[in-house]
Ligand code: FES
Ligand SMILES: [Fe+2]
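In this note's numbering, the protein residues as written are 2 to 410.
Below is the structure:
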């Protein structure tokens, strides 16, 4: 089923490429400039989107072994991810149940966590196992003071967590089958080569840049090149969107020589996996995934965006994951070169532009921004962001249950 869907998308891209056409949105869409600059809306987005929807918090390969943990702060919520003995993923509120001190910082490997304030100890599964000087503290029921758990979902080599312990939204419903398609990347067996965090502009300004190819040959003329094709077709699965270039051809990366493949001459079975996952895969509200080949090895850049401290800032962690760890010094260097190149593209071109754009929008003198018929990704993204911010908790569950019903029809 997943492969069928991937093949159908590829056939769509090939047909449009052969005909020199693309799919258009119905109309040009206007988004109020205040959607990027209003501090009250920004606070609401953190609450209604980031603290309520499932977020892709880490690639599985960042925490491969039992005991591996990572502490994060997302929109003011301290999160502790911890790989369990049975290989499943645990997601906990990173707060000691004594008086709330964060239990862990950074990342590492631990089978238990001892609080640095008064010394209470918790197992990696969140159980409270030791109250320091229990005879002096007084009687409490340890079973009632385990770490608070968040809903967690791991599939396709990616980990999602909902930062609301009481959430009724099923994470699989929310993903609308998209995680099954993402399996085609085969991240489950991949490794993490490197990661870094970049500062950026308003989170939606930053995310817009992952949702169109229109800007590629202009803003990225010095890096990707002025010949880069600027058309994309969009495939939506609920709020999650893949964008890819309509083209009859694809490049086969095979060691030394890159060869051009005519996809229209290939049967469905012959279409290689790397062709089926071409383009940019975004996961609402904050992830973008794209394939690269550092030193002839399959790799992908997973960009994870979060709102910053104020409406004009965000931060993005770039994970460079690879099918195989590069071995020779030349391969390692080639992978670093690829990853460093992507830092320059995003930091000095996309985000530098986004910051200038944000400052200008803050003048308040332009009321609306435009998304063309060729920029359907931005249209769909802003539509969903607005809709989900406004939805009540009950409506949220109903929206994704309806998406599931629709997909099943
Ligand atoms: S806050 Fe953790 S032991 Fe006191
Ligand atoms: Fe860009």
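Note that beta-carbon positions come from the ideal geometry of N, C-alpha and C, so glycine has one too.
Taking all protein chains shown into account, do 16 or more other C-beta atoms lie within 10 angstroms of the C-beta of residue i, making it buried, or fewer, making it exposed?
{"i": "residue 247", "result": "buried"}
{"i": "residue 73", "result": "buried"}
{"i": "residue 393", "result": "exposed"}
{"i": "residue 120", "result": "exposed"}
{"i": "residue 334", "result": "exposed"}
{"i": "residue 367", "result": "exposed"}
{"i": "residue 357", "result": "exposed"}
{"i": "residue 280", "result": "buried"}
{"i": "residue 236", "result": "buried"}
{"i": "residue 345", "result": "exposed"}
{"i": "residue 107", "result": "exposed"}
{"i": "residue 386", "result": "buried"}
{"i": "residue 98", "result": "buried"}
{"i": "residue 138", "result": "exposed"}
{"i": "residue 180", "result": "buried"}
{"i": "residue 145", "result": "exposed"}
{"i": "residue 265", "result": "exposed"}
{"i": "residue 234", "result": "buried"}
{"i": "residue 155", "result": "buried"}
Is any heavy atom in ligand 2 found nearer than 6 Å to the beta carbon of residue i?
{"i": "residue 300", "result": "no"}
{"i": "residue 210", "result": "yes"}
{"i": "residue 228", "result": "no"}
{"i": "residue 351", "result": "yes"}
I'd like to confirm something about residue i: is its beta-carbon nearer than 6 Å to some heavy atom of ligand 1, or not?
{"i": "residue 147", "result": "no"}
{"i": "residue 429", "result": "What is shown of the chain runs 2 to 410, which leaves residue 429 out entirely."}
{"i": "residue 102", "result": "yes"}
{"i": "residue 282", "result": "no"}
{"i": "residue 62", "result": "no"}
{"i": "residue 177", "result": "no"}
{"i": "residue 121", "result": "yes"}
{"i": "residue 215", "result": "no"}
{"i": "residue 76", "result": "no"}
{"i": "residue 118", "result": "yes"}
Measure the CB-CB distance between residue i and residue j and report whether it falls below 7 Å.
{"i": "residue 93", "j": "residue 127", "result": "yes"}
{"i": "residue 178", "j": "residue 9", "result": "no"}
{"i": "residue 202", "j": "residue 365", "result": "no"}
{"i": "residue 295", "j": "residue 336", "result": "yes"}
{"i": "residue 315", "j": "residue 204", "result": "yes"}
{"i": "residue 110", "j": "residue 69", "result": "yes"}
{"i": "residue 112", "j": "residue 133", "result": "no"}
{"i": "residue 243", "j": "residue 282", "result": "yes"}
{"i": "residue 313", "j": "residue 359", "result": "yes"}
{"i": "residue 95", "j": "residue 80", "result": "yes"}
{"i": "residue 33", "j": "residue 369", "result": "yes"}
{"i": "residue 175", "j": "residue 55", "result": "yes"}
{"i": "residue 252", "j": "residue 57", "result": "no"}
{"i": "residue 322", "j": "residue 62", "result": "yes"}
{"i": "residue 52", "j": "residue 164", "result": "yes"}
{"i": "residue 88", "j": "residue 249", "result": "no"}
{"i": "residue 362", "j": "residue 25", "result": "no"}
{"i": "residue 240", "j": "residue 50", "result": "no"}
{"i": "residue 22", "j": "residue 198", "result": "no"}
{"i": "residue 129", "j": "residue 143", "result": "yes"}
{"i": "residue 188", "j": "residue 158", "result": "yes"}
{"i": "residue 90", "j": "residue 160", "result": "yes"}
{"i": "residue 245", "j": "residue 14", "result": "yes"}
{"i": "residue 148", "j": "residue 123", "result": "yes"}
{"i": "residue 11", "j": "residue 343", "result": "no"}
{"i": "residue 196", "j": "residue 320", "result": "yes"}
Does chain D have any CB closer than 7 Å to the CB of residue i?
{"i": "residue 32", "result": "Checking the listed chains, one finds no chain D in this structure; it contains a single protein chain."}
Does ligand 3 have even one heavy atom less than 6 Å from the beta-carbon of residue i?
{"i": "residue 99", "result": "Judged by which ligands are present, ligand 3 is missing from the structure shown, whose ligands are ligand 1 and ligand 2."}
Just checking, does the segment 183-195 make contact with the segment 315-331 on the three C-beta pairs under 8 Å criterion?
yes
Looking at C-beta atoms only, is the number of pairs between the segment 299-306 and the segment 204-211 that lie closer than 8 Å three or more?
yes
With a threshold of 8 Å, are at least 3 pairs of Cβ atoms found where one atom belongs to the segment 363-375 and the other to the segment 22-35?
yes
Does the segment 76-89 touch the segment 175-191, meaning 3 or more C-beta pairs lie closer than 8 Å?
no
So within the segment 305-355, which uninterrupted beta strand (DSSP E) runs reach at least 3 residues, ignoring any that extend past its ends?
315-323
Mind listing, in chain order, the continuous beta strand (DSSP E) runs of no fewer than 3 residues lying wholly within the segment 54-78?
Segments of the beta strand (DSSP E) lying fully in the segment 54-78: 55-60, 69-75.
Are the segment 277-294 and the segment 222-230 touching by the rule of at least three beta carbon pairs closer than 8 Å?
no
Do the segment 380-398 and the segment 42-59 meet, that is, are 3 or more Cβ pairs less than 8 Å apart?
In this structure the segment 380-398 touches the segment 42-59; the number of beta carbon pairs closer than 8 Å is three or more.
Which full runs of the alpha helix (DSSP H) of 4+ residues lie inside the segment 97-138, going along the chain?
135-138
What are the start and end residues of each continuous alpha helix (DSSP H) run of 4 or more residues lying completely inside the segment 194-272, in chain order?
Here the runs fully enclosed are 204-209, 217-220.
Ranges of the beta strand (DSSP E) found wholly within the segment 138-187, counting only runs of at least 3:
153-156, 159-163
Minimum length 3: unbroken beta strand (DSSP E) runs contained in the segment 366-395:
369-372
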